[in-house]
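Asks: Shown below is the structure under consideration.
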Amino acid sequence: MRISVIGCGYLGAVHAVSMAKLGHDVVGIDVDAARIGDLAAGRAPFFEPRLPELLAEALGSGRLAFSTDPADAAGAEVHFLCVGTPQRKGEYAADMRYVDAAVAGLAPHLAPGDVIAGKSTVPVGTAARLAEYLAHEAPGAVLAWNPEFLREGHAIQDTLSPDRLVYGLPEGPSGAAAAAVLDQAYAAPLAAGTPRLTMDYATAELVKTAANSFLATKISFINAMAEVCDASGADVTALADAIGMDERIGRSFLNAGVGFGGGCLPKDIRAFMARAGELGADQALTFLREVDAINMRRRSKVVEMTREVCGGSLLGKRVTILGAAFKPESDDVRDSPALSAAAQLQLQGATVTVTDPQALQNAKGRFPELSYEPATENALLGAHAVVLLTEWKEYRSLDPVSTGPLVADKNIIDGRNVLDPAAWRAAGWNYKGMGRP
Ligand code: UDX
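Residue numbers (the working numbering): 140 to 576.
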């Protein structure tokens, strides 16, 4: 099939490369010329496992091209919309200008029968609005809403073999035709047994926001339990293991710590609250305010704990932050809990050094006032407190014995509850987990 992918960020670049891997002829389009230049030259513009190899393979096969000109989308049977919907400055609502601009730029190049498949996370009602626009501007083209559930760090696998495919479709023959076209695009995962669900636009849009809200709620639930554990001397990791064995609850996404960040969960729950308010259903989502508040408290909690282990004041203390990315296997620092805590510590008088195997370049761009050190051993030198905030494998496997002589004071705060408290204590460290005695 001929496919266009509009927007080549985390979602679009991975989608374009994955569609080429599935055997389609793909053109990836983005307004950012530098990004397109990188991709066309085979340079992945961000860190994502397997992306560089698959990008090189797809470019080498001749099935993948990149362009800044929306006219190059002409002739494709499916156009995947993969542009961002960030939080609007000073508001909770999503900024829809990139989606609207992408559709407006694409419309003149569409032919009757073309399918536009929206993958961006959008406020419910967006697809209906865009479908009306397209009915005037590109008659005969059909809009489908096909939300994406990929996780950064596992993006290629999540795209090539997703848990499920969701198609939001218009009623009638045009919807059936669009589903058939999407089935062709996803022939390989469908043949491998991926469940495929068809529904109306609004439900498809909500599937994505509801899924992310549930995940955020699960994390904030266990973090709320961590607060109670702290108050009562209980251990939240043992609690999570035990309740997680109930298959109705499940153990995944019950890791307590410094909380969630990234380009999706925080902004998606806020945009969802804003949209519910516009629809007159704000009461239904007031609990998400609490989910957000619990999550934000985790960052302040880490700062408090660090102050405590430093003897009550951060002034003149050297603090090493292990991790800058919002999660491991990613160089994404959008709304990273690690960087947020690092910045607060620095503001309160500590001298903060941040280390991360992949995200330092991006971190520097966001928080130029922090010190950055790529080598873990150098970052640890002379520290009065070490704070693990992103659970990269190299930090999980740090050896408490050989690390000891590097630091000034053996204080470690495990903001992701991934270290073995007994081993660290045995090596003479003052170990503090979050929600663990
Ligand atoms: C998320 C959704 O998982 C994905 O389905 C959707 O398409 C996009 O948003 P992503 O943002 O890549 O994906 O990261 P995710 O793995 O969900 O982690 C989000 C944040 O939650 C990270 O900061 C992570 O550290 C944190 N987290 C996750 C916890 O604090 N505890 C957990 O148990 C799990």
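Where is the CB? At the ideal position from N, CA and C, for every residue including glycine.
Are the CB atoms of T445 and N556 nearer to each other than 7 Å?
Replies: no
Asks: Got a sec, what are the start and stop residues for the alpha helix (DSSP H) F426 sits in?
Replies: 425-448
Asks: At a cut-off of 6 Å, would you count L289 as near the ligand UDX, judging by its Cβ distance to the nearest heavy atom?
Replies: For L289, the distance from the CB to the nearest heavy atom of the ligand UDX is below 6 Å.
Asks: Can you find a heavy atom of the ligand UDX that lies under 6 Å from the Cβ of E406?
Replies: Note on residue identity: the sequence assigns Lys, not Glu, to residue 406. Checking the Cβ of K406 against the ligand UDX gives no.
Asks: Quick one, which of Q483, N362, F219 has its alpha-carbon nearest K258's?
Replies: F219
Asks: Classify R236: buried if its beta carbon has 16 or more other beta carbons within 10 angstroms, exposed otherwise.
Replies: exposed
Asks: Along the chain, where does the beta strand (DSSP E) containing V493 start, and where does it finish?
Replies: 490-494
Asks: From P251 to A277, what does the alpha carbon distance come to, in whole angstroms?
Replies: P251 and A277 have their C-alpha atoms some 7 Å from each other.
Asks: How many whole angstroms separate the CB atoms of F150 and L289, which I take to be in contact at a CB cut-off of 8 Å?
Replies: A small correction: the amino acid at residue 150 is Leu; Phe does not occupy that position in the sequence shown. The pair is a contact, with the Cβ atoms about 7 Å apart (cut-off 8 Å).
Asks: What are the boundary residues of the alpha helix (DSSP H) that W284 is part of?
Replies: Unbroken run through W284 is the beta strand (DSSP E), 281-284; no alpha helix (DSSP H).
Asks: Under three-state DSSP, which class holds G416?
Replies: helix
Asks: Spell out the partners DSSP gives Y149 in its beta bridges.
Replies: Answer is none; Y149 lacks a bridge partner.
Asks: Report yes if the C-beta of N394 is less than 6 Å from at least one heavy atom of the ligand UDX; otherwise report no.
Replies: yes
Asks: Do G521 and A489 have their C-beta atoms within less than 7 Å of each other?
Replies: The answer is no: Cβ separation not under 7 Å.
Asks: Taking the alpha helix (DSSP H) that H571 falls in, what are its first and last residues?
Replies: Just to set this straight, residue 571 is Lys in the shown sequence, not His. Segment 569-572 is the beta strand (DSSP E) holding K571; no alpha helix (DSSP H) there.
Asks: Verify the contact flag: G401, CB atom, against every heavy atom of the ligand UDX, threshold strictly below 6 Å.
Replies: Yes, Cβ of G401 sits closer than 6 Å to a heavy atom of the ligand UDX.
Asks: For I408 and L454, I'd like the C-alpha separation in whole angstroms.
Replies: 36 Å
Asks: With H, G and I counted as helix, E and B as strand and the rest as coil, what does DSSP make of V156?
Replies: helix
Asks: Roughly how many angstroms separate the alpha carbons of A267 and A331, rounded to a whole number?
Replies: Here the C-alpha atom of A267 lies approximately 31 Å from the C-alpha atom of A331.
Asks: If we ignore side chains and look at the alpha-carbon of each, how far apart do I388 and R505 end up?
Replies: 37 Å
Asks: Is R390 helix, strand or coil by DSSP?
Replies: When secondary structure is reduced to three states using DSSP, R390 falls in the coil class, being assigned neither helix nor strand.
Asks: At which residues does the beta strand (DSSP E) containing V217 begin and terminate?
Replies: Note, V217: beta strand (DSSP E), 217-220.
Asks: Quick one: complete alpha helix (DSSP H) runs, 4+ long, within the stretch 252-336?
Replies: 265-276, 294-299, 312-324, 326-330
Asks: Using the C-alpha atoms, what's the distance from I358 back to K571?
Replies: 20 Å
Asks: Let me confirm a value: E230 is counted as buried when at least 16 other C-beta atoms fall within 10 Å, else exposed. Which label applies?
Replies: With fewer than 16 Cβ atoms within 10 Å of its Cβ, E230 is classed as exposed.
Asks: Which of helix, strand or coil does DSSP assign to F465?
Replies: coil
Asks: Taking the continuous beta strand (DSSP E) assigned at F205, which residues delimit it?
Replies: Here the beta strand (DSSP E) through F205 covers 203-206.
Asks: Which whole-angstrom value describes the C-beta separation of V491 and A463, a residue pair presumed to lie in contact below a C-beta threshold of 8 Å?
Replies: So it is not a contact: roughly 11 Å between Cβ atoms.
Asks: Tell me, which residues are paired with Q483 by DSSP?
Replies: DSSP, once it has assigned bridges, lists no residue as partnering Q483.
Asks: Between the stretch 409-425 and the stretch 514-528, do at least 3 Cβ pairs fall closer than 8 Å?
Replies: no
Asks: Classify V584: buried if its beta carbon has 16 or more other beta carbons within 10 angstroms, exposed otherwise.
Replies: There is no way to answer for residue 584, as the model of the chain reaches only from 140 to 576.
Asks: To the nearest angstrom, how far is it from the Cα of R141 to the Cα of L321?
Replies: Between R141 and L321, the C-alpha separation is close to 12 Å.
Asks: Could you round the C-beta distance between W531 and P467 to whole angstroms and report it? I think they count as a contact, below 8 Å.
Replies: 5 Å
Asks: Can you tell me which of D374, L424, I433 puts its alpha carbon nearest to the alpha carbon of F360?
Replies: I433
Asks: Let me check understanding here. Comparing Cα to Cα, which of P576, I145, V153, G162 lies closest to A370?
Replies: Of P576, I145, V153, G162, the residue nearest in Cα terms is P576.
Asks: Three Cβ pairs or more, each shorter than 8 Å: is that satisfied between the stretch 184-191 and the stretch 207-222?
Replies: no
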